[in-house]
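A.B. asks: Protein chains in written order, with my numbering: chain U, 364 to 668; chain F, 471 to 797. Note that CB positions come from ideal geometry on N, CA and C, so glycine has one too. First the structure, then my questions, so here it is.
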Amino acid sequence: MELTVGPNQFFWSADRWTEFYDDLASTPVNRVVLGELVCSKRLPFYQDRIPEAVSTLIEAGKEVALTSLALITLKRERKQTAELAEMGVEVEINDLTALPHLPKGAKLSVGPLVNVYNEGTLVWLASQGVRRICLTPELPLASVRTLAFAGADLGVEIEIWGHGRLPLAISGRCYHARLHKRTKDNCQFACEDDPDGLDVTTLEGKPFLAMNGVQTLSDTYATALHQIDTLSEAGVSALRLSPQSNGFIELCKLYRQVLDKDISGADAVETLTRMDDNVRLSDGFLTGNRGVDWSGEQAQPTLRI
Amino acid sequence: MVMEIVCPAGTPAALRAAVKAGAHTVYCGFNDETNARNFPGLNFDRQEMREGIAFAHAHGSKVLIAINTFPRAGNEAIWHRAVADAESCHVDAVILADLGLLDYAARNHPGLRRHLSVQAAAANADVINFYARTFDVKRVVLPRVLSVQEIAAINAETEVETEVFVFGGLCVMAEGRCSLSSYATGLSPNMNGVCSPASHVEYREDKGVLDARLGGYTIHRVGQNEPAPYPTLCKGCFGASDKRGHLFEDPVSLNAEQLIPQLQKAGVTALKIEGRQRSRSYVTQVVRNFRTAVDALEAGRPMPEGMLARLSEGQAMTTGAYKKTWR
Numbered sequence: 364m365e366l367t368v369g370p371n372q373f374f375w376s377a378d379r380w381t382e383f384y385d386d387l388a389s390t391p392v393n394r395v396v397l398g399e400l401v402c403s404k405r406l407p408f409y410q411d412r413i414p415e416a417v418s419t420l421i422e423a424g425k426e427v428a429l430t431s432l433a434l435i436t437l438k439r440e441r442k443q444t445a446e447l448a449e450m451g452v453e454v455e456i457n458d459l460t461a462l463p464h465l466p467k468g469a470k471l472s473v474g475p476l477v478n479v480y481n482e483g484t485l486v487w488l489a490s491q492g493v494r495r496i497c498l499t500p501e502l503p504l505a506s507v508r509t510l511a512f513a514g515a516d517l518g519v520e521i522e523i524w525g526h527g528r529l530p531l532a533i534s535g536r537c538y539h540a541r542l543h544k545r546t547k548d549n550c551q552f553a554c555e556d557d558p559d560g561l562d563v564t565t566l567e568g569k570p571f572l573a574m575n576g577v578q579t580l581s582d583t584y585a586t587a588l589h590q591i592d593t594l595s596e597a598g599v600s601a602l603r604l605s606p607q608s609n610g611f612i613e614l615c616k617l618y619r620q621v622l623d624k625d626i627s628g629a630d631a632v633e634t635l636t637r638m639d640d641n642v643r644l645s646d647g648f649l650t651g652n653r654g655v656d657w658s659g660e661q662a663q664p665t666l667r668i
Numbered sequence: 471m472v473m474e475i476v477c478p479a480g481t482p483a484a485l486r487a488a489v490k491a492g493a494h495t496v497y498c499g500f501n502d503e504t505n506a507r508n509f510p511g512l513n514f515d516r517q518e519m520r521e522g523i524a525f526a527h528a529h530g531s532k533v534l535i536a537i538n539t540f541p542r543a544g545n546e547a548i549w550h551r552a553v554a555d556a557e558s559c560h561v562d563a564v565i566l567a568d569l570g571l572l573d574y575a576a577r578n579h580p581g582l583r584r585h586l587s588v589q590a591a592a593a594n595a596d597v598i599n600f601y602a603r604t605f606d607v608k609r610v611v612l613p614r615v616l617s618v619q620e621i622a623a624i625n626a627e628t629e630v631e632t633e634v635f636v637f638g639g640l641c642v643m644a645e646g647r648c649s650l651s652s653y654a655t656g657l658s659p660n661m662n663g664v665c666s667p668a669s670h671v672e673y674r675e676d677k678g679v680l681d682a683r684l685g686g687y688t689i690h691r692v693g694q695n696e697p698a699p700y701p702t703l704c705k706g707c708f709g710a711s712d713k714r715g716h717l718f719e720d721p722v723s724l725n726a727e728q729l730i731p732q733l734q735k736a737g738v739t740a741l742k743i744e745g746r747q748r749s750r751s752y753v754t755q756v757v758r759n760f761r762t763a764v765d766a767l768e769a770g771r772p773m774p775e776g777m778l779a780r781l782s783e784g785q786a787m788t789t790g791a792y793k794k795t796w797r
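As C-alpha cells, this is what we get:
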C-alpha cells in the first residue's frame, strides 16, 4: 500500500510551508498533493513557492499533484481553477468545477471532498479519465470494500483517509472571521494563528470540532491504523496522511513501518499517543457507529470549561 | 413571468393543501432513504405518489420528486428503482445530487426532466453548465452560501434555470458536503437523509437549567422559562479560545421574502420553501403568503411586509448569505 500526503488544510507562513515540503522530500511517502484546498485568500502568500516545492518532490521520486479548491464561487477562484493544469502536474479535483477545465487525456485524480459514494459515480468518473480517487472519509468499510473492488476492474486506484483531523464541512462563511467579529473580506487572516485549526468545545468543555476558516474539522485525528490489514485485503491502494504542524515526518515514517509490517497497527497507535499524550483518535467512520468513535482505548480528554 | 413557488410536502395531505393554497409546484420524496428528509411517518409510498401527482396535475400544479441522497455502494438498485418509479408516476422532474445517479437517469430515462439538487452544491456557472452539458440538467437548486449578486452573476452565464431557498431551515455549510451529523450521531444527510436526527436528541433539566444534547454533546443551554431551540449541530452553542456562543450560526431560520424582487432581477426562476417535515397548516400559510408576494410583484404592487414572522415559531430569522453579510 502507498502513502499519500494530502494538501495542507491550514494556513501556514510561506517559510513554514517551504520547510514542510523540503522535509517531506526525504520521507518514505509515495505521493504528495499540494496547493490550496480551503481558502483562495491564502494562496498568494505561498503561490510562488509551489513550483520549487513541486521540483524538489519530483526530484526526490515522489508523484506530485496539485489540488483544486474545495468550494469555488468567485470569479477569481474560477480563473485560478481554470489555470490549474498549466503547471503541468496532475490535478486533484476537490470541487467538480475543476473537471471541465482539465485537458482531455490529462492524468486526473479525485480528492475526498468530491462525493464518491457508489459504483455508478466511480464508473462515471473513470469514463472522464479519473485514475485515482481518495474516498470521502464518511464511508464505512463495507462501501470502501465495494468501491475498491469496482475500482480494480476499471483501473482506478482507491485511496482512503489514513490520518488527520477529518474535513467535516466547508462553508461560504468564514468562522475564524466570525469569531473575531470580522467579515470574510476583512478577515485579517485570523486562521494563521491556528496551524492545526482552533479547538471547538461543547458547553461541558468536551473537545468536539476544530475551526479552520471556512472549514470545520473533527477534533479527533482519524487514523486507519487498526484497519490496515482489512483495507489492504480489500484492495485499497493508498492511505492519505493529512499534514499537521508537529511530528509529521515521524508520522509518515510510522505509517510506512506499519505498511511494511515492521510494527503492528496497535504498536503504532501506542507510539502516536506517546508522541502527543493529548491526541484523541477516531476511526468510527470506517468501523464504528459514528465518526467520532474509536476502536481502541481512548485517553481521557482534558476538560476545559 | 411570475416566479414559481416550489413548496414542500411530506404527506399526501400536505401535497393537497399546498396545491389548494396555490403552489405552482410541490416537491416530495419516496418513504425511504432515497430522499434527504427520511423521517419516520413522512413521505410517500408509490401508490400515494401516483395519486398525489394525479391530483396536482388535475389542479394545474407540478410535482418534483427528490431522490437526492447518495446511493450506498452495493445498493444502487434502490435509487435506480426510485428514478424508474418516479417516471412511471408521471412526475414533472426528479431532483438528483449524485453523479452516478444523474448519469444513470440521463442514460436510462432520457425523457425524464432532471433538476440538480442543492445537495450537489453547484456554486458557480462553470460547474452548472457542465452539469447541463453532461446530464442535460434543466434546473439547479443553488446552495445557500451565495449572495444575490453572486446568483445574478451565475444567471448571466447560464441557460439553466435557478431555484433558490427563500424560507425555512438554513444550512450554513455547503449542502451535500457536510458530515458533521454523522460524525456525532452516525447518521448523515448524504447517506441517510437526516441531519442531527431526533433519535439522538436528549434534553436534560438540572436546577433550572435545560441542556439540549445531540449524540451526547451538550450544544444548547437555556434557563427554565426560555425557549429551547432544537440542537441542530451547526446552530449549536460552542466554545473556542476564550469565546462562547453560536460560532457557526445562530439558531435562526431563513426568510428571504423581502428579497424576492431582487431575486427576480437576479434572474431566479423558482423560489423554494424548505420543510417537508412541516404540518399541513404551516404549508398552507407559507404557500399563500409567498403566492401573494409573487403575484403582487408580477402585478407591480408593493410587497406585503412581515407576513411570515409568526410562522418562525419564536426563532429568529435571517436572510442568510443572500445579503452578502457573510462576505
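#1: Excluding the five sequence neighbours on either side, which residues of its own chain have a C-beta within less than 8 Å of the C-beta of residue 475(F), listed in chain order?
#2: Going by C-alpha to C-alpha distance, which of 703(F), 657(F), 618(F), 583(F) sits closest to residue 639(F)?
#3: Mapping DSSP to helix, strand and coil, what is residue 499(U)?
#4: Kindly provide the ranges of any alpha helix (DSSP H) runs that are 4 or more residues long and lie completely inside the region 490-578 of chain F, ordered along the chain.
#5: Please report the straight-line C-alpha distance between residue 579(F) and residue 585(F), rounded to a whole angstrom.
#6: If we ignore side chains and look at the alpha-carbon of each, how far apart do residue 629(F) and residue 399(U) end up?
#7: For the region 639-657 of chain F, list every residue whose C-beta sits within 7 Å of some C-beta in chain U, in sequence order.
#8: Do the region 607-627 of chain U and the region 532-541 of chain U meet, that is, are 3 or more Cβ pairs less than 8 Å apart?
#9: Going residue by residue through the region 643-731 of chain F, where are the continuous alpha helix (DSSP H) segments of at least 4 residues, counting only ones entirely within it?
#10: Kindly indicate if chain A contains any beta-carbon less than 8 Å away from that of residue 511(F).
#11: Select from the region 614-636 of chain F all residues with a C-beta closer than 7 Å to any C-beta belonging to chain U, and list them in chain order.
#12: Would you say residue 442(U) faces chain F, with C-beta separation under 8 Å as the test?
#13: Counting Cβ pairs, one atom from each stretch, are 3 or more of them under 8 Å apart for the region 561-575 of chain F and the region 526-535 of chain F?
#14: I want to see whether chain F comes within less than 8 Å of residue 563(U), judged by CB atoms only; does it?
#15: If you count every other CB in all the chains shown that lies within 10 Å of the CB of residue 529(F), and 16 or more means buried, which is it?
#16: Applying the 10 Å Cβ sphere with the 16-neighbour rule, what's the burial state of residue 641(U)?
#17: Can you find a C-beta in chain F that's less than 8 Å from the C-beta of residue 547(U)?
#18: What in chain F is Cβ-close to residue 653(U), meaning under 7 Å?
#19: What span of residues does the beta strand (DSSP E) with residue 792(F) cover, start to end?
#20: Go ahead and label residue 638(U) buried or exposed: buried means 16 or more other beta carbons lie within 10 angstroms of its beta carbon, across all protein chains shown.
#21: Residue range of the beta strand (DSSP E) that residue 570(U) falls in?
#22: Am I right that residue 768(F) and residue 472(F) are in contact with their C-beta atoms under 8 Å? What's the rounded C-beta distance?
#23: Taking any Cβ of chain F, which residues in the region 549-583 of chain U have a Cβ under 8 Å from it, in chain order?
#24: How close, in whole Å, do the beta carbons of residue 443(U) and residue 462(U) come, if the pair is a contact with beta carbons under 8 Å?
#25: Check the DSSP bridge columns for residue 395(U) and list the partner residues they point to.
#26: Closest by CA to residue 404(U), which one among 382(U), 436(U), 415(U)?
#27: Alpha carbon to alpha carbon, what distance is there between residue 646(F) and residue 479(U)?
#28: Could you check the C-alpha separation between residue 430(U) and residue 553(U) for me, to the nearest Å?
#29: Span of the alpha helix (DSSP H) holding residue 486(U)?
#30: Could you list the residues in the region 473-484 of chain U with a C-beta less than 7 Å from some C-beta on chain F, going in chain order?
#31: Which term fits residue 672(F), buried or exposed, when burial requires 16 or more other beta carbons within 10 angstroms of its beta carbon?
#32: Suppose only complete runs of 3+ residues qualify. What are the beta strand (DSSP E) ranges in the region 742-771 of chain F, listed by chain order?
#33: Find the residues of chain F that neighbour residue 515(U), judging by a C-beta separation of less than 8 Å, and give them in chain order.
#34: In this structure, does DSSP put residue 705(U) in helix, strand or coil?
#35: I think residue 544(F) touches residue 513(F), with their Cβ atoms under 8 Å apart; what is that distance to the nearest whole Å?
#36: Give me the chain U residues within the contact set of residue 597(F), using Cβ-Cβ distance strictly less than 7 Å, ordered along the chain.
C.D. replies: In short, the structure shows the following:
#1: Cβ neighbours of residue 475(F) beyond the five flanking positions: 492, 493, 494, 495, 740, 741, 743, 757, 760, 761, 764.
#2: For the residues 703(F), 657(F), 618(F), 583(F), the minimum Cα distance to residue 639(F) belongs to 703(F).
#3: coil
#4: Within the region 490-578 of chain F, the runs of alpha helix (DSSP H) at least 4 residues long that lie entirely inside it are, in chain order, 516-528, 546-558, 569-578.
#5: 13 Å
#6: One C-alpha to the other measures close to 31 Å.
#7: 642, 643, 644, 646, 647, 648, 649, 650, 652, 653, 654, 655, 656
#8: no
#9: List check, alpha helix (DSSP H) in window: 650-655, 659-662.
#10: The structure shown contains no chain A; its protein chains are U and F.
#11: Shown in chain order are the members of the region 614-636 of chain F whose Cβ falls below 7 Å from a Cβ of chain U: 615, 616, 620.
#12: no
#13: yes
#14: yes
#15: Under this definition residue 529(F) is an exposed residue.
#16: exposed
#17: yes
#18: For residue 653(U), the chain F residues whose Cβ falls inside 7 Å of its Cβ are 652, 653, 654, 655, 656, 685, in order along the chain.
#19: Note, residue 792(F): premise wrong, no beta strand (DSSP E); not H, not E.
#20: exposed
#21: 570-575
#22: 4 Å
#23: 561, 562, 563, 564, 565, 566, 567, 568, 569, 571, 572, 574, 579, 581
#24: 15 Å between Cβ atoms; not a contact.
#25: 368(U), 427(U)
#26: 436(U)
#27: Roughly 11 Å between the two C-alpha positions.
#28: 23 Å
#29: 482-490
#30: 476, 478, 480, 481, 482, 483, 484
#31: Exposed, since its Cβ has fewer than 16 Cβ neighbours within 10 Å.
#32: none
#33: Within 8 Å Cβ-Cβ: nothing; residue 515(U) doesn't reach chain F, min ~14 Å.
#34: Residue 705(U) cannot be examined here, being either before or after the span of chain U that is shown, 364 to 668.
#35: Contact between residue 544(F) and residue 513(F) is ruled out by a C-beta separation of about 23 Å, above the 8 Å threshold.
#36: 459, 460
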